[in-house]
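Colleague: Its first residue numbered 1, the sequence shown is counted upward by one per residue in full-length UniProt numbering.
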Amino acid sequence: MSPKKLHQSQMPVAKAALAPNIPEELTVDILLRLPAKSIGKFSIYTLTFTTADKPGSEAVLEKLTLSENILENPSSKYASIVGSCNGLVLVLGFRRELGLRDTMYLINPTTMEVVKLAASPLVRKAVLIGGALGYDSSNDDYKIVTVSCDDSTGNETSVDVFSLRSGSWKRINSLPYHLNFCSWVFLNGAIHWLACSDSDSEDYSVIAFDLTSEKFDPVPIPRGEFDPIKLVDLGGCLAIVVKQTYHQMDIWVMQEYGIGQSWTKFSVATPNSFYLNKVVCLLGDDNVVVLNVEEQKFVVHNLTENTRRDMVVAGIGGHLRQLIGFSESLVSPIYYCQNWRAT
């Protein structure tokens, strides 16, 4: 019988699926060739099948449905998806009356692992206004950085750092400048913010917080006057989105990190106000994806050819206001906090 005439029922699929004792090196080689999303699904299905006939299997079902209810927290009025790093997503819970207090989630949407963390006990009278997430490669540690403002003076800004490995908080000395907590980027082992000397100043700068040394350092910015909107990561390069005109925004890209002379400017024309366009990511070498909030669609701008086209993203519906860049991974938040977390 030729291969073309072999019926599906005659193919040895079931036997192959049940074949025991696959060599470990072969299994590892196969898994290394799969994308993170496929491996995440594989691990979930394996866990489900192997525990379905055992007591306590309801815990597996609870894990699988947890992601749907992760933001349902009666102690929080609302939650904010802050950002991501290496496949982990940071979510902060807020109380309108008190600012951020007691809810932080670190989530891996690929593996559906979730860790709930308490906010910094160092924040008492101050109001927490934002946070960021990054990876300390020297210590193999993920760190959460929160920004708070003294509620009595409204001027003093403090930064607290949480180590996922140790489960401890550390207060960084008060900062002599204001951080734009809504605009941050993790690159080259540091979290970057837009900053200015005081709340009324238009003298902007970029400040980098190194997660290993836990110190702040300035980053050289483009020369001349400009009105920055936010920082973004474009293909692994630090970039600043700048207001130019009502229908145009400029994107300054630092081609070589830390080299002030490497800043390169690209201009992007927008059909409506630049405030209604959010830079999402870079596709290839010169295609910038922008979300048009007003028209609820994604637009790809080619920086080299100065052209644009609409991009259809399947499965996205509703009203988009907030979005983050995300790369799938198998990083386990539970693994990093296993030494101090009881459950």
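Using N, Cα and C, we set each Cβ at its ideal position, and we do this for glycine too.
These numbers come from a predicted model, not from an experiment.
(1) Run through the DSSP bridge pairs and tell me what C281 is partnered with.
(2) Check for me: the alpha helix (DSSP H) holding I334 runs from which residue to which?
(3) Between P222 and W263, which are expected to be in contact by the criterion C-beta below 8 angstroms, what is the C-beta distance as a whole number of angstroms?
(4) Which of the three DSSP states, helix, strand or coil, is assigned to E25?
(5) With a CB to CB cut of under 8 angstroms and the five nearest residues on each side skipped, what residues in its chain are close to K143?
(6) If we call anything under 8 angstroms between Cβ atoms a contact, is H192 one with L231?
(7) Which value, in whole angstroms, describes the spacing of the CA atoms of R308 and T270?
(8) Pick out the complete beta strand (DSSP E) segments inside the stretch 208-256, 3 residues or longer, and give them in chain order.
(9) Indicate the three-state DSSP secondary structure (helix, strand or coil) for S137 in the structure shown.
(10) Roughly how many angstroms lie between the CA atoms of T46 and G131, to the nearest whole one?
(11) Within 10 angstroms of its Cβ, does D250 collect 16 or more other Cβ (buried), or is it exposed?
(12) With DSSP run on the structure shown, which of helix, strand or coil describes S262?
(13) Under the three-state reduction of DSSP, which class applies to T307: helix, strand or coil?
(14) Compare the beta carbon distance of V147 and F209 with 8 angstroms and say whether it is the shorter of the two.
(15) State the DSSP-derived secondary structure class of L194, mapped to helix, strand or coil.
(16) Give the range of the beta strand (DSSP E) segment to which W184 is assigned.
(17) With which residues is S168 paired in a DSSP beta bridge?
(18) For T111, which beta-bridge partners are listed by DSSP?
(19) For K170, tell me which candidate among E214, A190 and A314 has the shortest Cα-Cα distance.
Modeller: Taking the structure as given:
(1) V289
(2) P333 to Y336
(3) So it is a contact: roughly 4 angstroms between Cβ atoms.
(4) helix
(5) L133, G134, Y135, D136, V161, F162, S163, L164 and L211
(6) yes
(7) 10 angstroms
(8) 215-219, 227-234, 237-245 and 248-254
(9) Correct three-state label for S137: coil.
(10) Confidence at T46 is low in this model, with a pLDDT of 40, below 50, so its placement is unreliable and no value can be given for it.
(11) buried
(12) helix
(13) strand
(14) no
(15) Correct three-state label for L194: strand.
(16) Here the beta strand (DSSP E) through W184 covers H178 to L187.
(17) Answer is S163.
(18) Answer by DSSP bridge pairing: none, since T111 is not bridged.
(19) E214
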